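Engineer: Under the UniProt record's numbering, think of the first position of the sequence shown as 1, with each following residue one higher.
Glycine residues also receive a C-beta, built at the ideal position from the N, C-alpha and C atoms.
Predicted, not measured: the structure shown is a model, and the values here were computed from it.
Shown below is the structure under consideration.
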Amino acid sequence: MERIVTVVPEDGLHARPASMFVETANSFDAEIRIGRADDGELVPAASMLAVTGLGVRHDELVKLVAEGDDAAAALDALEDVLSTPERGDE
């Protein structure tokens, strides 16, 4: 399964949003990868170093690919993380 999502947090996939993304990805029984929507390179969503290394910024499109028992639920949860303004400042 795959999905294209716009990154909403102002910091993109850095610091807190990336940490929340990786933590969420690790909570599912699925192999999940992420990359820029216009690039063929996908990295493991479970790796903080790999996710932050993408350098994804606010309003960029990313492709999420998930395989496994929880693939659909994982994509839903990760889309929620990426499409929500940064959390923790409420």
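Relative to the C-alpha of Ser-83, which candidate in Ala-37, Ala-50 and Phe-21 has its C-alpha closest?
Structural biologist: Closest by alpha carbon: Phe-21.
Engineer: In three-state terms, what does DSSP make of Ala-66?
Structural biologist: In this structure, Ala-66 counts as strand in the three-state DSSP scheme.
Engineer: Look up Arg-16 in the DSSP assignment and say whether it is helix, strand or coil.
Structural biologist: Arg-16 falls in the helix class under three-state DSSP.
Engineer: With three or more C-beta pairs closer than 8 Å as the rule, is the segment 67 to 75 touching the segment 51 to 59?
Structural biologist: The answer is no - the segment 67 to 75 does not touch the segment 51 to 59, with fewer than three Cβ pairs under 8 Å.
Engineer: Which same chain residues end up closer than 7 Å to Glu-41 when comparing Cβ atoms and leaving out the 5 residues on each side of it in sequence?
Structural biologist: Only Gly-35 meet the Cβ criterion.
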